[in-house]
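Numbering (the working numbering), first residue to last: 379 to 940.
From the three backbone atoms N, C-alpha and C, an ideal C-beta is built for every residue, glycine too.
A quick note: this is a predicted structure, and the numbers were derived from the prediction, not measured.
Here the structure comes first, spelled out in structure tokens, and everything after it is commentary.
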Amino acid sequence: MARTLLRRTKSNPVLPGDAGVGKTAIVEALAQRIAAGNVRPELRDLRIVEIPVAALVAGTQYRGEFEPRLRQLVAEVRGDPRIVLFFDEVHTLLGAGAAEGAPLDAANILKPALARGEVRCIGATTFEEYRRHVEGDAALARRFQPLAVGEPSPGEALAILRQLAPRFAQHHGVRIDDAALDAAVRLAVSYLPERRLPDKAIDLLDEACARVRLRTLRPSEGGQAAIGADDVAAALADWTGIAAGRLMADERQQLRAMEDLLAQRVFGQAEAVAAVARVLRLARTGLKDPNRPVGVLLFLGPTGVGKTEMARAVADVLYGDPDWLSRFDMSEYGEAHTVSRLIGAPPGYVGHDEPGQLSEALRRRPQSVVLFDEIEKAHPQVLDLFLQLVDAGRLTDARGHVVDGRQALFIVTSNLGTTILPPPRPIGFVKAAPPAAAPGGLVATLAEALRPEFINRVDAIVPFLPLGLPDLERIAQRLLHDLAQRAAAQGVALDVAPAAVAVLAALGLDPAFGARPLRRAVERLVAEPLAQLLLRDRPPAAVRVAIDADAEVVVAPADDAL
Numbered sequence: 379m380a381r382t383l384l385r386r387t388k389s390n391p392v393l394p395g396d397a398g399v400g401k402t403a404i405v406e407a408l409a410q411r412i413a414a415g416n417v418r419p420e421l422r423d424l425r426i427v428e429i430p431v432a433a434l435v436a437g438t439q440y441r442g443e444f445e446p447r448l449r450q451l452v453a454e455v456r457g458d459p460r461i462v463l464f465f466d467e468v469h470t471l472l473g474a475g476a477a478e479g480a481p482l483d484a485a486n487i488l489k490p491a492l493a494r495g496e497v498r499c500i501g502a503t504t505f506e507e508y509r510r511h512v513e514g515d516a517a518l519a520r521r522f523q524p525l526a527v528g529e530p531s532p533g534e535a536l537a538i539l540r541q542l543a544p545r546f547a548q549h550h551g552v553r554i555d556d557a558a559l560d561a562a563v564r565l566a567v568s569y570l571p572e573r574r575l576p577d578k579a580i581d582l583l584d585e586a587c588a589r590v591r592l593r594t595l596r597p598s599e600g601g602q603a604a605i606g607a608d609d610v611a612a613a614l615a616d617w618t619g620i621a622a623g624r625l626m627a628d629e630r631q632q633l634r635a636m637e638d639l640l641a642q643r644v645f646g647q648a649e650a651v652a653a654v655a656r657v658l659r660l661a662r663t664g665l666k667d668p669n670r671p672v673g674v675l676l677f678l679g680p681t682g683v684g685k686t687e688m689a690r691a692v693a694d695v696l697y698g699d700p701d702w703l704s705r706f707d708m709s710e711y712g713e714a715h716t717v718s719r720l721i722g723a724p725p726g727y728v729g730h731d732e733p734g735q736l737s738e739a740l741r742r743r744p745q746s747v748v749l750f751d752e753i754e755k756a757h758p759q760v761l762d763l764f765l766q767l768v769d770a771g772r773l774t775d776a777r778g779h780v781v782d783g784r785q786a787l788f789i790v791t792s793n794l795g796t797t798i799l800p801p802p803r804p805i806g807f808v809k810a811a812p813p814a815a816a817p818g819g820l821v822a823t824l825a826e827a828l829r830p831e832f833i834n835r836v837d838a839i840v841p842f843l844p845l846g847l848p849d850l851e852r853i854a855q856r857l858l859h860d861l862a863q864r865a866a867a868q869g870v871a872l873d874v875a876p877a878a879v880a881v882l883a884a885l886g887l888d889p890a891f892g893a894r895p896l897r898r899a900v901e902r903l904v905a906e907p908l909a910q911l912l913l914r915d916r917p918p919a920a921v922r923v924a925i926d927a928d929a930e931v932v933v934a935p936a937d938d939a940l
């Protein structure tokens, strides 16, 4: 910027850059160096004067009132070559002060003075506003020298925070640990990808200090309150909704135990659990391409075998809440025009002001699990939209905004290829494990419905096997445990006999429909009779689920003889 100010022509630097990267701070740093004399002799006499465009326009409601004010400013600057004007949000000069029917605005008044070199100015704006407004006016753009301002690296952002930390500590009356600075940069980079450094790290640190300051209404006896990494995580948890404990958890230990954590939610799918854990470990250790999503997984298997439950389990393990799952039923996107539902309607169409469902989900929760259910039912144009998302990790919506999907895990499910999967495990002793599905057969079946370029972008094809009776017994225990917790909230203790679990699992065994018949059997044979008991004038304090002499499930108060 100093080099541009020393030029004979076009000595008007403009700083385009994303919001929050420090454009205004760069100009302030230059002014501070000039005041301290830490510049070349030719620049030591310069005075950088910020001109708010709103202040120029204020009070000029009638035509002819604005022009004399701006011409007076130009005349004053022309008489003192040491003055350099600074316009923050320089694109607002276009149209500023223009009366109805008169094209003479602030930019057009300044153009002659800028062209002759009588006025030097510095501008700052975003890339989008620069392209839309400044570059759109070629006569104005050629009078400026653009100097793009990029986002600082995490190391540079940490150095900036260390310089700002004493100011925040003095303002809030706290003590900021180095661990808090490291956490502010690390967590901001990981969980706020839609914003830019150093602004997002500074905001996060300021929020953490304000939370601690509000919590400690009176100074502690030991002196100032300390801001640590946990306080920064708590502030980020308020913004994102991710549990603070999950943010600060030892991710290495979590990744090592990934199979065990997933197996607690998904039963009978050991191979699928192992495949998902491998992809997550590769992504979370930082060895995966940072310009691609966390992972792209294709789940294959019949209905009711745990594909959706696996997606919810992954969301729970990664983010501490299974609701961090955005689900899209591809049967609703079978027509070409449904692309607009995902990314928004194009300009001129009804609903252009409404955001797209997919783009808005990624914008609100960049770190999430996105599930595309039954992908084979989607229209080919919808699949074309997914190609750039699963390959480059970004998506351009109808408004032209780039949506970042590099922090998301994409899971695609399909029922294709289920006929070549092995049958359920037989009951009793077997001499050998059931054969695994042939990957080549699965890929060939997928190629009949999905494009090869889409299949080629999938990180792992995960087959889900049909469930056997032992798997259904574990699922029945889980369903009954959840039902017992809901009954306990109503003041009723539920006791289930092991024999009843086996009978329910046998009744729910249907390889064609997976575990869903079991859920219906538990609701019909246990939940509905339990609801009848709760509707009594005097509900029982304890209820037992067992089987009678005819091997039928019976739900009765624990005091009654079964």
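Legend entry - Helix, strand or coil at PHE764 according to DSSP, with G and I counted as helix: Taking the sequence shown and counting its residues from 1, one reaches residue 764 at position 386. DSSP places PHE764 in helix when its eight states are reduced to three.
Inset, instruction - Name the two residues that bound the continuous beta strand (DSSP E) containing PRO532. - result: The residue labelled residue 532 in the question sits at position 154 within the sequence shown. No beta strand (DSSP E) contains PRO532, which is instead part of the alpha helix (DSSP H) from 532-550.
Inset, instruction - Pick helix, strand or coil for GLN631, following the three-state DSSP scheme. - result: Indexing the sequence shown from 1 puts residue 631 at position 253. Looking at GLN631 - three-state DSSP - the assignment turns out to be helix.
Inset, instruction - Helix, strand or coil for GLN759, going by three-state DSSP, please let me know. - result: The residue given as residue 759 occupies position 381 in the sequence shown. GLN759: helix per DSSP, three-state reduction.
Inset, instruction - Tell me LEU787's beta-bridge partners as DSSP assigns them. - result: Here residue 787 refers to the residue found at position 409 when the sequence shown is read from its first residue. LEU787 is bridged to GLY673 and VAL747.
Legend entry - Cβ-heavy atom distance, TYR508 to the ligand NAD, below 6 Å: With respect to the ligand NAD, the structure offers nothing, as it holds no ligand at all.
Legend entry - Of the residues GLU649, ALA519, GLY619 and GLY646, the one placed nearest ALA693, counting alpha carbons only: As a first step, residue 693 must be located in the sequence shown, where it is residue number 315. That would be GLY619, whose Cα lies nearest to the Cα of ALA693.
Inset, instruction - Taking only the alpha-carbon atoms, compute the straight-line gap between ASN669 and LEU767 and give it to the nearest angstrom. - result: The count along the sequence shown starts at 1 and reaches residue 669 at position 291. The count along the sequence shown starts at 1 and reaches residue 767 at position 389. Going by the C-alpha atoms only, they are around 11 Å apart.
Inset, instruction - Give the secondary structure of LEU845 by DSSP, where H, G and I count as helix, E and B as strand, and everything else as coil. - result: Here residue 845 corresponds to residue number 467 of the sequence shown, with the count starting at 1. Of the three classes helix, strand and coil, the one that applies to LEU845 here is coil, per DSSP.
Inset, instruction - Taking 7 Å as the cut-off, decide whether the C-beta atoms of ALA558 and ILE605 are in contact. - result: Here the question's residue 558 lines up with position 180 in the sequence shown. Here the question's residue 605 lines up with position 227 in the sequence shown. In this structure, ILE605 lies closer than 7 Å to ALA558 by Cβ.
Inset, instruction - May I ask you to report which of helix, strand or coil DSSP gives THR387? - result: Here the question's residue 387 lines up with position 9 in the sequence shown. DSSP places THR387 in coil when its eight states are reduced to three.
Inset, instruction - Tell me whether PHE807 sits in a helix, a strand or coil according to DSSP, three-state version. - result: For the purposes of this step, residue 807 is taken as residue 429 along the sequence shown, with counting starting at 1. With a pLDDT of 42 at PHE807, under the threshold of 50, the modelled position of this residue cannot be trusted, and the question is left open.
Legend entry - Cβ-based neighbour list, VAL452, same chain, cut-off 8 Å, excluding 5 preceding and 5 following: As a working note, residue 452 is residue 74 in the sequence shown. Here the set comprises ILE487, LEU488, ALA491, GLU496 and VAL497.
Inset, instruction - Could you tell me which of GLY551, LEU542 and ALA739 sits nearest to LEU582, measuring between CA atoms? - result: Mapped onto the sequence shown, residue 582 falls at position 204. When each option's Cα is compared against that of LEU582, the closest is LEU542.
Legend entry - Residues that DSSP places opposite VAL405 in a beta bridge: For the purposes of this step, residue 405 is taken as the residue at position 27 of the sequence shown. Looking at the DSSP output, VAL405 sits in no beta bridge, so it has no partner there.
Legend entry - Spatial distance of VAL900 from LEU882 (CA atoms): Counting from 1 along the sequence shown, the entry for residue 900 is found at position 522. Counting from 1 along the sequence shown, the entry for residue 882 is found at position 504. Computed Cα separation, rounded: 7 Å.
Inset, instruction - Run the CB neighbour count on VAL921, radius 10 Å, all protein chains shown included, and call it buried at 16 or more, exposed below. - result: Residue numbering aside, residue 921 sits at position 543 when the sequence shown is read from its first letter. With 16 or more other Cβ atoms within 10 Å, it is buried.
Legend entry - the stretch 636-656 / the stretch 683-690 touching (three or more Cβ pairs under 8 Å): yes
Inset, instruction - Decide if HIS715 is buried, meaning its Cβ has at least 16 other Cβ atoms within 10 Å, or exposed. - result: The residue labelled residue 715 in the question sits at position 337 within the sequence shown. Around the CB of HIS715, fewer than 16 other CB atoms lie within 10 Å, so the residue is classed as exposed.
Inset, instruction - Could you please give the first and the last residue of the uninterrupted beta strand (DSSP E) stretch that includes VAL921? - result: What you label residue 921 is simply residue 543 of the sequence shown in a count that begins at 1. Element bounds for VAL921: 920-925.
Legend entry - Range covered by the beta strand (DSSP E) that runs through GLU428: Locating residue 428 in the sequence shown gives position 50, counting from the first residue. Its beta strand (DSSP E) spans residues 425-428.
Inset, instruction - Identify whether VAL338 lies in helix, strand or coil by the three-state DSSP scheme. - result: Given that the chain is displayed from residue 379 to residue 940, the structure contains no residue 338 and the question cannot be resolved.
Legend entry - Limits of the unbroken alpha helix (DSSP H) element including ARG659: Your numbering for residue 659 matches position 281 in the sequence shown. Its alpha helix (DSSP H) spans residues 648-662.
Inset, instruction - Count the CB pairs spanning the stretch 505-522 and the stretch 388-401 that are closer than 8 Å, and state whether there are at least three. - result: yes
Legend entry - Reduced DSSP secondary structure (H/G/I, E/B, other) of PHE464: Translated into the one-based positions of the sequence shown, residue 464 becomes position 86. Residue state for PHE464 is assigned as strand, using DSSP reduced to three classes.
Inset, instruction - Compare the C-alpha of ALA776 against each of ALA723, LEU421, VAL747 and PRO576 and name the closest. - result: The count along the sequence shown starts at 1 and reaches residue 776 at position 398. With distances taken between Cα atoms, ALA776 lies closest to ALA723.
Legend entry - Cβ contact (3+ pairs, closer than 8 Å) linking the stretch 785-795 and the stretch 739-759: The stretch 785-795 vs the stretch 739-759: in contact.
Legend entry - Beta-carbon proximity of GLU529 to LEU575, cut-off 7 Å: Taking the sequence shown and counting its residues from 1, one reaches residue 529 at position 151. Taking the sequence shown and counting its residues from 1, one reaches residue 575 at position 197. In this structure, LEU575 lies closer than 7 Å to GLU529 by Cβ.
Inset, instruction - Find out if the Cβ-Cβ distance for the pair PRO935, PRO918 is shorter than 7 Å. - result: Mapped onto the sequence shown, residue 935 falls at position 557. Mapped onto the sequence shown, residue 918 falls at position 540. In this structure, PRO918 lies closer than 7 Å to PRO935 by Cβ.
Inset, instruction - Please work out which residues of its chain come closer than 8 Å, Cβ to Cβ, to LEU448, disregarding the five sequence neighbours upstream and downstream, and give them in chain order. - result: In the sequence shown, the residue the question calls residue 448 occupies position 70. Closer than 8 Å at the Cβ level, and outside the excluded window around LEU448, lie LEU434, GLY475, ALA484, ILE487 and LEU488.
Inset, instruction - For PRO668, decide whether its Cβ has a neighbour in chain D, counting only Cβ atoms nearer than 7 Å. - result: In the displayed structure, chain D is absent; only one protein chain is listed.
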